[in-house]
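See structure below.
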Amino acid sequence: MPRPSSLNTKSIRRVKDGVRRFLENMAGERDDEQDHDQETQVIPSQADPDTKNLPDDLVRAAQLETSILEAEQRQIAKWRTELDAILKDREERQTYFSDLAAERETRFALMLESAHAQLAGRPPIETPVEEEAETEAEPPRREAEILSSSTSIPYAAPTIELLEASQLDSTTLVSPDALETQERALQGTLDNFAVDALVYDAVVGPRVTQFRVRPGIGVRVEKISALQKNISLNLAQTNVRIQAPIPGEPFVGVEVSNGNTLPIRLRSVFESKAWQHGSESIPLAIGMDIQGKIIVADLAKAPHLLIAGATGSGKSVCMSNLIVSLLYKFSPQELELVLIDPKRVEFGLFKDVPHLIHPVVGDPKTAVLLLKWVVKEMEDRYETLAEKQVRNIAGYNAKAEAQGFEKMPFMVVIIDELADLMMTSKGEAEASLARIAQLSRAVGIHTIIATQRPSVNVITGVIKANYPTRIAFQVSSIVDSRTILDCKGAESLLGQGDMLFNPPGFARLVRIQSPMVQDEELTRVVTHVSAEQPDRNRVDLATITPAADGTLAEGADDLYLEALAIVAETQKASTSYLQRRLRIGYNRAATLIEEMEDRFHIGPQNGSTPREVFVTSEDLGR
């Protein structure tokens, strides 16, 4: 649009005055609604003679503004009409619902008055309310009768307040400056040895910090693992563990200890969502991993657990955590415990636990007999499952709940020090543990064994094959680590609850910090659960001794009982001795000795050491 080439001062003043008068006229036209249609047809240049001399572009701009204002007014009028309709509809709906609510209140009041009138007009004995009350009262009376008939007392599960809360403070586990210094030192070590790898980031855990290193293209992860000692030197760390690679991630993990340690209490595990909302059948509190996630294992899926670690590594505290986990989740009717403590000091706090079906065993000979009783219990349970035509304990208990017979409880056998049993009765203990581990899962029997001497003489190939779920605490050498985990890594742990856990069903190791529990907390928990609970000892080891087996097996020697009496009286068991006392030949005497060993009356031959005798004359007299 062409603009005027030149305008003098007088012309500019005339233009301004004309525009002002034009706008005033337009404002007056908008206020006059009656003559609106007629007024809008007036051309500004005709309404005021002074606007005749205005430029064409100003006139067209004024006309455009007028049309815009008219369109806005029409839209506003349309919106006002729509808003009025919406408000009117809303008012009608409010009125409708108010009337409906009032009608419902009136109807409810009438029904209530009618009910009161009916109740007041009937005799109390014939009212259906009392008949319903009697019907509802029958199940509690039947439940009380069941409790009284079985002479059992309801189990009061321990409360979370019996355990100490975590004293979390504002202490920084690793300062940002120290973290940056370690990251630069790690990157410098990789660069110095010409390893194409980048320190990607760091994950700070409760006890250790994991630096995630991303190797370059064509770089073997073994090159990073081979620098473990050099990394320890440059980072000024005593224990550096390298995880190459991190399972499920394109990184190699370099784990170093923190400057400070985050204390983890057992109570914090029980307060976590993983514990309270987990779906584990037999949950065990394990601890917290590097990412700060609470780890809860399922013993039913394990189904057996092997724990190993040196003295002071936190193994005994972990065992206490596992026992307390069972006490918090199960009543004595739901789970039975068998505790074997050859050291006689670790399980002393749990001697009054009502879940025990036999007192805590410390004698290795009695422990072997108790394991044989567990084998017999396992066989009896299989016969029970066969009678009910079910495949496992879950099916049996489901059928028991549907048909009303007694459920089958879980049984957990915990051995604190396997090395003592293997030293005294290796053959019998290993055979019993292997058989239990192979067959007991279906009948709900699980074992947890621990040792502080993880050598091949203690953790044999038979035991390792039947205990796939393992926990390794700090050990002294790579050889011990390979004995437990079939790989190295446990020798680089920090001790005091720092562990490597091999979860069931996963071919990977998880580094976890075990929670801490003190003896005072254990005492409070045991005192609470044992209050007013009866003694549930039901194990009769006489079923394993000859006193309970007065009959001989088919084809047995008729001199067996006489030979057994001689052995029990003299506590001597040898082939040559029976030859002299009974005046029989070598073959017959050797057969009698083998029969006694098969029936667990005497121990196996151990070189030149005399055989152990497990029976006495008093046992035969009973």
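To convert a position in the sequence shown, counted from 1, into the working numbering, add 860. Don't be surprised by glycine CBs; every beta carbon is placed ideally from N, CA and C. In this text, all values refer to a predicted model and were calculated from it rather than measured experimentally.
Cβ neighbours of Arg1396 within its own chain (closer than 8 angstroms, five residues either side excluded): Pro1192, Glu1196, Pro1214, His1215, Leu1216 and Ile1217.
For the 8 angstroms CB-CB criterion, Leu1230 and Ile1200 form a contact. For His1388, the uninterrupted alpha helix (DSSP H) segment begins and ends at Asp1379 to Val1389. Within the same chain, Gln1042, Val1068, Thr1069, Leu1095, Gln1097 and Val1100 come within 7 angstroms of Val1116 by CB-CB distance, once the 5 residues on both sides are set aside. Just so you know, the alpha carbons of Ile1444 and Gln1431 end up roughly 19 angstroms apart.
In summary, Glu932 is exposed, with fewer than 16 beta-carbon neighbours lying within 10 Å of its beta-carbon over all protein chains present. 8 angstroms or more divides the Cβ of Arg1044 from the Cβ of Asp1061.
Note that the C-beta distance between Ile1084 and Ile1102 is below 8 angstroms. Residue environment: Gly1147 is assigned as buried (16 or more neighbouring CB atoms within 10 Å of its CB, all protein chains considered). Within the model, the alpha-carbon separation for Glu925 versus Val919 is close to 10 angstroms.
Shown here, Phe1053 sits in coil according to DSSP, grouped into three states, outside any helix or strand.
Around the C-beta of Lys1236, fewer than 16 other C-beta atoms lie within 10 Å, and the residue is accordingly described as exposed. Residue environment: Pro1163 is assigned as buried (16 or more neighbouring CB atoms within 10 Å of its CB, all protein chains considered). Residue burial is scored here from C-beta neighbours: Leu943 has fewer than 16 other C-beta atoms within 10 angstroms and is therefore classed as exposed. Taking a contact to require three or more Cβ pairs closer than 8 angstroms, the region 1308-1315 and the region 1246-1253 do not qualify as touching. Taking every protein chain shown into account, the CB of Phe1361 has 16 or more other CB atoms within 10 angstroms, so this residue is buried.
Boundaries for Ser1176: no beta strand (DSSP E) harbours it, while the alpha helix (DSSP H) harbouring it runs Lys1175 to Lys1189, taken from the DSSP string. In the three-state DSSP reduction, Ala1086 falls in the coil class, being neither helix nor strand. By the beta-carbon neighbour count (other beta carbons within 10 angstroms, threshold 16), Pro1375 is buried. DSSP, read as helix, strand or coil, puts Glu1196 in strand.
For Ile1154, the uninterrupted beta strand (DSSP E) segment begins and ends at Ile1154 to Asp1158. The count of Cβ pairs closer than 8 angstroms, one atom from the region 1138-1146 and one from the region 1158-1172, reaches three, so the stretches are in contact. Ranked by Cα distance from Ala1025, the first of Ser1128, Gly1065 and Met1271 is Ser1128.
Around the beta carbon of Thr1383, fewer than 16 other beta carbons sit within 10 angstroms, so the residue counts as exposed. Looking from the CA of Leu1209, the closest CA among Ser1390, Val1370, Ala921 and Ser1468 belongs to Ser1390. Selection Ala1423, Ser1468, Leu1369 and Arg1441 evaluated against Asp1149 yields Leu1369 as nearest (Cα-Cα). In this chain, the beta strand (DSSP E) harbouring Val1114 covers Val1112 to Ser1117.
For Met1271, no alpha helix (DSSP H) run applies; the uninterrupted beta strand (DSSP E) run containing it begins and ends at Phe1270 to Ile1275, by DSSP. Taking 8 angstroms as the cut-off, the Cβ atoms of Gly1152 and Gly1222 do not count as close.
In the displayed model, Gly1147 falls within a strand according to three-state DSSP.
Collapsing the DSSP output to three states places Asn1466 in a strand. Counting along the chain, the unbroken beta strand (DSSP E) around Arg1074 starts and ends at Val1068 to Pro1075. When the five nearest sequence neighbours on each side are left out, the beta carbons in the same chain lying within less than 7 angstroms of the beta carbon of Arg1330 are those of Leu1166, Ile1344, Leu1345 and Asn1362, in order along the chain.
Contact check between the region 1320-1330 and the region 1293-1306: three or more CB pairs, one atom from each, fall below 8 angstroms, which counts as touching. Put simply, of Val1475, His1306 and Gly1349 the residue whose alpha carbon is nearest the alpha carbon of Leu1186 is His1306. Straight-line spacing of the CA atoms in Tyr1188 and Gln1136 works out to 11 angstroms.
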